[in-house]
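Participant:
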Amino acid sequence: MAVKVAEEWLNICGGCEVSILDIGEPLLDLLPELEFVHMPVLMDHKYFGQTGENTEMEIPEADVGIISGGVRNEKEKHVAEEMRKKCNTLISLGSCACFGGIPALANMFPLEDLYHKVYKDCKTTDSGETPTENLPPLLDRVYALEEVVPVDINIPGCPTNPDLIVKALSALLTGGSFEIPERSVCDECPLKREKKASGGEIKRTLDSPEFDQSKPWDNTRCFMEQGYLCLGPVTLAGCSNKEGGENGVMVPRCIKGLMPCRGCFGPIRKGANPLVDMMSAISSIGLDAKQVPDRRALLNRYIGGQNRLRPLPARPK
Amino acid sequence: MANEEYEPLIVGFCCNWCSYAGADLAGVSRLQYPPNMRIIRVMCSGMVHPNLVIDALTKGADAVIICGCHIGDCHYLEGNLKAENRKEAIELMLEDFGLEPERFRLEWVSASEGPRFAEVMKEFTETVRALGPSPYKT
Chain A
1 MAVKVAEEWL
11 NICGGCEVSI
21 LDIGEPLLDL
31 LPELEFVHMP
41 VLMDHKYFGQ
51 TGENTEMEIP
61 EADVGIISGG
71 VRNEKEKHVA
81 EEMRKKCNTL
91 ISLGSCACFG
101 GIPALANMFP
111 LEDLYHKVYK
121 DCKTTDSGET
131 PTENLPPLLD
141 RVYALEEVVP
151 VDINIPGCPT
161 NPDLIVKALS
171 ALLTGGSFEI
181 PERSVCDECP
191 LKREKKASGG
201 EIKRTLDSPE
211 FDQSKPWDNT
221 RCFMEQGYLC
231 LGPVTLAGCS
241 NKEGGENGVM
251 VPRCIKGLMP
261 CRGCFGPIRK
271 GANPLVDMMS
281 AISSIGLDAK
291 QVPDRRALLN
301 RYIGGQNRLR
311 PLPARPK
Chain B
1001 MANEEYEPLI
1011 VGFCCNWCSY
1021 AGADLAGVSR
1031 LQYPPNMRII
1041 RVMCSGMVHP
1051 NLVIDALTKG
1061 ADAVIICGCH
1071 IGDCHYLEGN
1081 LKAENRKEAI
1091 ELMLEDFGLE
1101 PERFRLEWVS
1111 ASEGPRFAEV
1121 MKEFTETVRA
1131 LGPSPYKT
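Top to bottom, those sequences are chains A and B. In this text, residue positions in the first sequence follow this note's numbering: the first is 1, and each later residue adds one. In this text, residue positions in the second sequence follow this note's numbering: the first is 1001, and each later residue adds one.
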C-alpha cells in the first residue's frame, strides 16, 4: 500500500517544492510508493470545503507530512498545528521551516517597526494603515516550525539538497532512520587549506576568487583564506554532491559554483551560535573582523528563528 | 529591582600561571575587594573562546573579565597574544548583542601583582555597578 504524504507550504518562496521535483530519476522509483493526499502547490484542495462551507480546517490524514516554510501568521500556525495532528511523521523541509530562513531576518525589528516601514511611512507607495480585513494577523516574529509544533525530521538547506529528500523518504519507507551527521561544510570541502589568510582584507564576492578549473579542486586555495567570507566552518554539511563520476570528490554546492558558503544549512549542532563561532574563526585565521558588513544579518542570514535574531535590548540611558 | 539592591555578577576567567596566582596573593595578603567576581581558573587566557564570553553575558552574567599574564610572560609563549587578538572580535560581538563595551575587559595581572588584582576588581565592579543589570538578565 502506498504511503500517504501531505505537503504544505507556509512562509516560503516555493523553492523547496522545486527541490522535490529536482530529485530527478530517483523520483520515478519513489512515486509508486507515495500517494500525495494534500499538496496546495500542485492540487486544488481548500481548507474549509470547496466552497468554504465548512467551519473546521480539513487536512486529510497522512503517514508523512512535509512542511516547508516558517510560521509568520496565525493561519500558518493553524495549518502547522493541523498538519501535526493529521500526520504520523512530520518533516520540516528547507531552512525556512528549520530555522526561519530569509524571512526571519525581519526578527531583527519589532513588528511595529515593520508595519511603519512597509505601510505607514513607506516613501514609495501610498501610505496607510496595515490591512487587517480578511487577512490573518501576523505573529510577533517569524517562527521556525519546530518552535510551533514538534518535528521529527529536519532537512535544512535553501533550497535543500534533493538527495537528502530521497534519503529521508527512503528511510521512512524502509523503516530506517535519517540523520544528517554533525559535520561542517569545511569537512567536506576539497579546497586546499593553509590555516592562514593570505591578507587581512575581506573581499566582496563580486570579485572572483583565484582558481584554475582545468586542475583538480585541491589546487584551489580555501576561499576564506583568499579573503572571502565563507560560512563553511560554522555550517552543517549536507549540500555536497559528488563531482566527476564514481571516483570524484564531494563538492559543496556553492563552492562548486565558485562562491563562498552562505550558511543555508544552519548551525552544525543544536544550540550552536554561528555568529560567535564565525567571528572567532575570522579573527583566528587573521582576517579583520571589523570589515564584515552588517554582521548580525550576514552571519544569521538563514537562521533568524529560534531567537537567534531579535531586536537589540534597549540600552539604559 | 531598585539600583541599590543590585549586585553585579561578574565572571572572571583567570589564567592558572599568573592571574589566578595573583588572585591567590590578593587573598593571602588579605586585600579587600568586592565579592562580585566568580573566578574560573583556566590554563591560559588564550583558551577562553569568545563563545564562553558571549554565553556568560547572554545567560545571566553582568560582565566578564579575562585575566592573563603580561605580554611576553605567557607560560605557553603566545597564549595571551591569542586572547588579545580575540578581544576585538568579542568587542564587535558585544555591539551585535546590544551590550555595552564596558561589560567586557581583558587585563594582564602577574602572579606578584596581588594589590593590582584587587584594584582592578574594585574598579571593574564599580564600573559595572554604574552600568546597571545586563539587559539579558531575566
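Every residue, glycine too, gets a C-beta built ideally from N, C-alpha and C.
1) Let me check understanding here. Comparing Cα to Cα, which of P159/A, L298/A and P131/A lies closest to H116/A?
2) Counting only C-beta atoms, is L309/A closer than 8 angstroms to chain B at any point?
3) Show which residues of chain B have a CB atom less than 9 angstroms away from the CB atom of V234/A.
4) Please list the terminal residues of the continuous alpha helix (DSSP H) segment that includes A1026/B.
5) Under the rule that 16 or more other beta-carbon atoms within 10 Å means buried, what is K196/A, buried or exposed?
6) Return the first residue and the last residue of the alpha helix (DSSP H) that T51/A is part of.
7) To the nearest angstrom, how far is it from the Cα of A237/A to the Cα of E1078/B?
8) Pull up the CB-CB distance for G1046/B and N1080/B, whole angstroms please, since I reckon it's below 8 angstroms.
9) Contact defined as beta carbons within less than 8 angstroms: I believe G257/A pairs with P162/A. What is the distance between those atoms, to the nearest angstrom?
10) Buried or exposed for P103/A, going by 16 or more other Cβ atoms inside 10 Å?
11) Can F1097/B and T1058/B be called in contact, C-beta distance under 8 angstroms?
12) Can you tell which of P1133/B, C1067/B and C1018/B has the C-alpha that lies nearest to the C-alpha of M1121/B?
13) Could you tell me the alpha carbon to alpha carbon distance between N300/A and N219/A, rounded to whole angstroms?
14) By the DSSP assignment, the alpha helix (DSSP H) with A62/A in it spans what residues?
15) Could you tell me which chain A residues have their CB closer than 8 angstroms to the CB of I1164/B, listed as they occur along the chain?
16) For G1022/B, I'd like the list of residues in its chain whose CB is within less than 8 angstroms of its CB, leaving aside the five on either flank, ordered along the chain.
17) Is the CB-CB distance between L139/A and V71/A below 8 angstroms?
18) For A2/A, I'd like the list of residues in its chain whose CB is within less than 8 angstroms of its CB, leaving aside the five on either flank, ordered along the chain.
19) Please confirm if the stretch 276-285 of chain A is in contact with the stretch 1038-1052 of chain B, defined as three or more CB-CB distances below 8 angstroms between the two stretches.
20) Check the DSSP bridge columns for R1038/B and list the partner residues they point to.
21) CA-CA distance, L287/A and D121/A?
22) Could you check whether the stretch 181-195 of chain A touches the stretch 147-166 of chain A, counting it as contact only if at least three pairs of C-beta atoms, one from each stretch, sit closer than 8 angstroms?
23) Using the three-state DSSP reduction, which class does K4/A fall into: helix, strand or coil?
24) Whose C-alpha, out of N1036/B, E1095/B and E1005/B, is nearest the C-alpha of D1062/B?
25) Determine the burial state of A1002/B: buried for a count of at least 16 other Cβ atoms within 10 Å of its Cβ, exposed for fewer.
26) Would a check of beta-carbon distances place R1129/B closer than 8 angstroms to chain A?
27) Between which two residues does the beta strand (DSSP E) holding Y143/A run?
28) Count the other CB atoms, across all protein chains shown, that sit within 10 Å of the CB of T125/A; report buried if there are 16 or more and exposed otherwise.
29) My output table needs one value for G232/A: the three-state DSSP class, helix, strand or coil.
30) Rounded to whole angstroms, what's the CA-CA distance from A297/A to S19/A? Just pull it up for me.
31) Can you pull the DSSP bridge partners for S184/A?
32) Please classify M1001/B: does DSSP put it in a helix, a strand, or coil?
33) Whose Cβ in chain B lies nearer than 9 angstroms to the Cβ of I282/A?
34) Is the beta carbon of W9/A closer than 8 angstroms to that of S68/A?
35) Rounded to the nearest angstrom, what separates V64/A and E129/A at their Cα positions?
36) Could you give the residue range of the alpha helix (DSSP H) that holds H78/A?
Facilitator: From the atom records:
1) P131/A
2) no
3) Here the premise fails: no neighbours, minimum Cβ distance about 11 angstroms.
4) S1019 to V1028
5) exposed
6) Run containing T51/A: none; DSSP gives neither H nor E here.
7) 33 angstroms
8) 6 angstroms
9) Incorrect: roughly 16 angstroms between the Cβ atoms, too far for contact.
10) buried
11) yes
12) C1067/B
13) 30 angstroms
14) Not the alpha helix (DSSP H): A62/A falls in the beta strand (DSSP E), residues A62 to S68.
15) Only positions 1001 to 1138 of chain B appear in this structure, which leaves residue 1164/B out of reach.
16) C1014, C1067, V1109, S1110, A1111, S1112, E1113, G1114, R1116 and F1117
17) yes
18) P32, E33, L34 and E35
19) yes
20) V1011/B
21) 39 angstroms
22) no
23) strand
24) N1036/B
25) Here A1002/B scores only 49 on pLDDT, less than 50, and its place in the model is too uncertain to base an answer on.
26) no
27) L138 to Y143
28) exposed
29) helix
30) 25 angstroms
31) L236/A
32) Caution applies to M1001/B, whose pLDDT of 49 falls short of 50 and renders its modelled position unreliable; the model cannot decide the point.
33) A1089
34) yes
35) 41 angstroms
36) E74 to K86
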